[in-house]
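Engineer: Under this note's numbering, the first residue of the sequence shown is numbered 14, with each subsequent residue one higher.
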Amino acid sequence: MLRFIPLHIFLFLFLILTASWTEGQTGSGKQTPPATGKPTTDTLKTIPQPAKSDLEGPVKYKADRIAFSVKARKTYLLGNVHIEYQNITLDAGQVTIDWDRSYMTAIGSVDSTDSLGNTVKTSPAVFSERGNEPIHGKRLEYDFKNQRGKVLIGTTKMNPGYYKGEEIKKVGKNTLFVKDGYFTTCDSIDHPHFYFKASKMRIKVGKRAVAKPIVMYIADVPVMAIPFGVFPMESGRRSGLIIPTYEKSSYGGNSLRHLGYYWAASQYWDATVLANFYEKTGTAYEGELRYKKRYAFSGNVNGRFAPRDITTGEKRTRWSLNFHHNQTISETMNLNASGSFVSDKNFLQNTSHRLSDRLNQVLTTNVTLSKRWPSSKNAITANVSRTENLQNGNLDYTLPRLSFSHTQSSIFSFDPKKSTRKKWYHDIYYRYNSNFLSRGSRKSTSDTLEIFRRESSSAWQHTATLSFNSKLFKYFKYRQSVNFEELWVPEYREYHWVDSLNNAVADTVKGFRPRHTFSSSVGASTTIYGLFELPFSPLKIIRHKMDPSVSFSFSPDFTTENWGYVQTWRDTLGRIRKFDRFTGNPYGGTRSSEARRMNISVNNLFQGKIIRDGEEKKIDLFNLNFSTSYDFIRDSLKWNDLTSRMQARASRDFDFTFSATHSFYKYGHQGSRRRNEYVWQNGFALPRLVRLQANARVHLSPRTKKQTPKPATEPV
């Protein structure tokens, strides 16, 4: 329960406060024996000294004043006393050591006084040990001879609450007696709304605390009593009671929350059961089950249950359930599942004390099973999911989503055992993906009435890619790829034109129908090197690496009549109207635009060689990249803007970037619209600058000091 100040800490204070003042007074590490008999005129020789210190490290201390009384044989540290030793600290307003009595006293500091000089507010003395909560006390006392001490009005935090005692006595190495102590989980430790009080406590540190009698107080009014209680204080996971917290709400009135029991069943799982008592509306319950086995599985299940509506008190069953589960079935197979369910849309807002729960308006459930075959480069994934919007009642689900993938592989594999030279067809690769998706939804059609429209759709998509990479004339890299996509749907749309509506009306036709689409690209690139010598510069050589690249991509317009995926009519206004037979499938409608584009880029890297400290080093100076594209489909302004980017690092901690955009076309008189006229049409001119941006970055990070290697020791 209440924690104590261990013996070694008081011994530490005794040693440092008697050993360190000599250094503070004289600046010397020498020690003088304690004076005996009549005091002499040399005060440094008459100040009492302790035996040799057992300190294992340096001691740091400071105070506003350090005073010594030879006659009274006392040492005083006054004002803002701060002492540090290894992982222990003590902060106090005043520390006094009486050498005749071997007694030390530490008290807090006065923060403020009234007009008459009376103390209005004080700060307690604070003892801290790394890894433990600090102990606050109005007065700390310790008797070095008897190795006993006490804390007056001591306070400390110990999960899940706070402990406080009017007087804490240390009567043994690991035994404490506490007089008039209490425990609370209320944040107001000085004036808690509720607490458990005991007139006597006996604490075996690190083992248990025995208290008697125990009385529960709410608003300083005793409401329940038990003769005695035994509380375990051992570290680690331990089964035991959970102390409740007191709260007050507008709907439930006064309440005690989270009174329950924690069961540490084994090293693999545990459980918690909690009860919440509301003054006005009754009782609600919570529970959680957690489990974990390393490298195998982990998860938890938690829920809430209320037999009555805690906002009104009416009999109404309300609940929530959440689960998480992660399992490694094998090295190549995994299962992940999570979900949230509630009895009604307002349950979380009414019962949860966490802001994230009250603001959450979406419930999501997701289960995924995945399996890989590394040797064959195959993988499958199965998934089901559900998403519900609590605010409007909309529901979306996938049941199921199945995926199969085969990563890039060579069609004609090369076997170095059978041949020493690769053929051109060994560089032909393929990649394949297959996805089946069935999804549905429930959408609200009215803001006031619970009227919903239900929809569902499914489709199977197959995607295959063929690619070929090779070298041309030894200096050029050639790449080509073709993407094929096939979509299978179990139903599609057929349209018929209605003149009176000047529009087409769709009919849903049940039956299998495929859709085939494709796209292709081809490109080439090379690398050019250049060297420049600079004889009168720290840079001896500059190397220029240039990577020009050009590619062409193509995909047809699949909404033309000859493909059969779209029906076309001309309305009464002469407009061409297209209606897609594959509208509404999970993978989207038919691609409606033709693409024929050429992409051009030039990437430049400038590097230098510099001699520093007698060694030749290679450094990157800067990058300078250009890119643009040409659209063959447009009837005008076919060239897109030229973008350029330069990046350089001036030093280890500083780099900058410049980016610019230039247009190949002239602008109108207002400068806001481009004309289909090149800037050099009436004479030589550079592309027009339309955008310029500069960025600089400074990297601030500590540098590690280089350690000079020690010379090897010569053998004797």
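Glycine included, C-beta positions come from ideal geometry on N, C-alpha and C.
1. Roughly how many whole angstroms lie between the Cα atoms of V164 and V228?
2. Any chance you could list the beta strand (DSSP E) runs of at least 3 consecutive residues sitting entirely within the segment 374 to 450, in chain order?
3. Could you tell me the alpha carbon to alpha carbon distance between K679 and R688, rounded to whole angstroms?
4. Does the segment 534 to 541 come close enough to the segment 509 to 522 that 3 or more CB-CB pairs lie under 8 angstroms?
5. Name, in chain order, the residues that DSSP records as bridge partners for G194.
6. Closest by CA to K75, which one among N93, S262, T585 and N446?
7. Secondary structure at E607, three-state DSSP: helix, strand or coil?
8. So F290 is in the beta strand (DSSP E); what residue range does that whole segment cover?
9. What are the boundary residues of the alpha helix (DSSP H) that includes V371?
10. Between the Cα of Q374 and those of I239, S353, S383 and R270, spot the shortest distance and give me the residue it belongs to.
11. Taking the alpha carbon of I623 as the point to measure from, which residue in K293, S550 and A519 has its own alpha carbon closest?
12. Closest to F314 by C-alpha separation, out of R307, S333, R329 and T296, would be which residue?
13. Could you pull out every residue in the same chain whose Cβ sits closer than 7 angstroms to the Cβ of R371, ignoring the five residues on either side in sequence?
14. Is the shortest distance between the beta-carbon of V184 and the beta-carbons of chain B less than 9 angstroms?
15. Mapping the DSSP letters down to three states, classify K43 as helix, strand or coil.
16. Go through its chain and collect everything with a Cβ distance to T400's Cβ below 6 angstroms, but skip five positions before and after it.
17. What separation, rounded to the nearest whole angstrom, lies between the Cα atoms of M611 and S566?
18. Which of helix, strand or coil does DSSP assign to N363?
19. Can you give me the C-alpha to C-alpha distance between P240 and K225, rounded to a whole angstrom?
20. With a Cβ-Cβ cutoff of 9 angstroms, do A472 and L450 count as a contact?
21. Select from V579, I255 and L544 the residue whose C-alpha is nearest the C-alpha of K558.
22. Can you name the residues that DSSP bridges to W693?
23. How many Å lie between S480 and W652 at the Cα?
24. If you check the beta carbons only, do R250 and A277 fall under 9 angstroms apart?
25. Locate the beta strand (DSSP E) running through P527, then write down its first and last residues.
26. Could you tell me whether the Cβ atoms of K358 and G406 are closer together than 9 angstroms?
27. Classify D67: buried if its beta carbon has 16 or more other beta carbons within 10 angstroms, exposed otherwise.
28. Between S469 and the rest of its own chain, which residues show a CB-CB distance below 6 angstroms, the 5 nearest in sequence each way excluded?
29. Report the partner residues of H475 according to the DSSP bridge assignment.
30. With I589 and T581 assumed to form a contact (beta carbons below 8 angstroms), what rounded beta-carbon distance in angstroms separates them?
31. Going by DSSP, which residues form a beta bridge with P561?
32. Measure the alpha-carbon distance for V243 versus K217 and round it to whole angstroms.
33. Just tell me which of R701, I202 and W437 has its CA closest to the CA of G167.
34. In this structure, how does DSSP classify W510 when only helix, strand and coil are distinguished?
35. What does a CB cutoff of less than 6 angstroms around Y643 pick up in its chain, not counting 5 residues either side in sequence?
36. Under 6 angstroms Cβ to Cβ from P147, same chain only, skipping five residues before and after it: list those, please.
Structural biologist: Taking the geometry as given:
1. The residue given as residue 164 occupies position 151 in the sequence shown. The residue given as residue 228 occupies position 215 in the sequence shown. Their backbone Cα atoms lie some 23 angstroms apart in a straight line.
2. 375 to 386, 391 to 402 and 408 to 423
3. Start at 1 with the first residue of the sequence shown, and residue 679 comes out as number 666. Start at 1 with the first residue of the sequence shown, and residue 688 comes out as number 675. Approximately 6 angstroms, taken between the alpha carbons.
4. no
5. The sequence position of residue 194 within the sequence shown is 181, counting from 1. The partner list for G194 (beta bridge, DSSP) reads G178 and A211.
6. Sequence index remark: in the sequence shown, residue 75 carries index 62 (1-based). Here the closest residue by C-alpha is N93.
7. The residue labelled residue 607 in the question sits at position 594 within the sequence shown. E607 falls in the coil class under three-state DSSP.
8. For the purposes of this step, residue 290 is taken as the residue at position 277 of the sequence shown. F290 -> beta strand (DSSP E) spans W282 to Y291.
9. Translated into positions along the sequence shown, residue 371 becomes position 358. A small fix is needed here, since residue 371 is Arg in this sequence, not Val. It spans L368 to L372 - the alpha helix (DSSP H) in which R371 sits, taken as one unbroken run.
10. The sequence position of residue 374 within the sequence shown is 361, counting from 1. Q374 has its Cα closest to that of S353, out of I239, S353, S383 and R270.
11. For the purposes of this step, residue 623 is taken as the residue at position 610 of the sequence shown. When each option's Cα is compared against that of I623, the closest is S550.
12. Position 301 of the sequence shown, counting from 1, holds the residue named residue 314. Inspection of the sequence shows that residue 314 is occupied by Val rather than by Phe. Selected option, being the one with the closest Cα: S333.
13. By 1-based counting over the sequence shown, the position of residue 371 is 358. So the qualifying residues of the chain are L361, Q362 and S365.
14. Checking the listed chains, one finds no chain B in this structure; it contains a single protein chain.
15. For this step, residue 43 is matched to residue 30 along the sequence shown. Because the pLDDT of K43 is 37, which lies under 50, any placement of that residue in the model is unreliable, and the question is left without a value.
16. Residue 400 sits at position 387 when you count from the first residue of the sequence shown. Excluding positions up to five away in sequence, the list reads T377 and D409.
17. In the sequence shown, residue 611 corresponds to position 598, counting from 1. In the sequence shown, residue 566 corresponds to position 553, counting from 1. So the alpha carbons of these two residues sit roughly 7 angstroms apart.
18. Here residue 363 refers to the residue found at position 350 of the sequence shown. Note: N363 maps to helix in three-state DSSP.
19. Residue numbering aside, residue 240 sits at position 227 when the sequence shown is read from its first letter. Residue numbering aside, residue 225 sits at position 212 when the sequence shown is read from its first letter. Cα to Cα, the separation comes out at about 6 angstroms.
20. Along the sequence shown, one-based indexing puts residue 472 at 459. Along the sequence shown, one-based indexing puts residue 450 at 437. The answer is yes: Cβ separation under 9 angstroms.
21. Walking along the sequence shown from the start, residue 558 turns up at place 545. Nearest C-alpha to K558: L544.
22. Along the sequence shown, read from residue 1 onward, the residue named residue 693 stands at position 680. W693 is not bridged to any residue.
23. Taking the sequence shown and counting its residues from 1, one reaches residue 480 at position 467. Taking the sequence shown and counting its residues from 1, one reaches residue 652 at position 639. Roughly 28 angstroms separates the two Cα atoms.
24. As a working mapping, residue 250 is identified with position 237 in the sequence shown. As a working mapping, residue 277 is identified with position 264 in the sequence shown. Contact: yes.
25. Taking the first residue of the sequence shown as 1, we reach residue 527 at position 514. Looking at the DSSP string, the run of the beta strand (DSSP E) that includes P527 is N516 to S538.
26. Indexing the sequence shown from 1 puts residue 358 at position 345. Indexing the sequence shown from 1 puts residue 406 at position 393. It is a contact, given that the beta carbons lie within the stated cut-off.
27. Taking the sequence shown and counting its residues from 1, the one referred to as residue 67 is at position 54. For D67, the predicted structure reports a pLDDT of 41, less than 50, and the residue's modelled location is therefore unreliable. A value from the coordinates is still provided. The residue is exposed, with fewer than 16 neighbouring Cβ atoms inside 10 Å.
28. By one-based count along the sequence shown, residue 469 stands at place 456. Closer than 6 angstroms at the Cβ level, and outside the excluded window around S469, lie G453.
29. Locating residue 475 in the sequence shown gives position 462, counting from the first residue. According to DSSP, which records beta bridges pairwise, H475 is partnered with S447 and E499.
30. Numbered from its first residue, the sequence shown carries residue 589 at position 576. Numbered from its first residue, the sequence shown carries residue 581 at position 568. I589 to T581, Cβ: 6 angstroms. Contact.
31. Here the question's residue 561 lines up with position 548 in the sequence shown. In the DSSP output, where bridge partners are listed per residue, P561 has V615.
32. On the sequence shown, residue 243 is found 230 positions in, with the first residue counted as 1. On the sequence shown, residue 217 is found 204 positions in, with the first residue counted as 1. Roughly 11 angstroms separates the two Cα atoms.
33. Mapped onto the sequence shown, residue 167 falls at position 154. Cα-wise, what sits closest to G167 is I202.
34. Locating residue 510 in the sequence shown gives position 497, where the first residue counts as 1. Reduced to three states, the DSSP call for W510 is strand.
35. Numbered from 1 along the sequence shown, position 630 holds the residue referred to as residue 643. Contacts found: M611, K651 and W652.
36. Within the sequence shown, numbered from 1, the residue matching residue 147 stands at position 134. Excluding sequence neighbours, P147 sits near V139 and S141.
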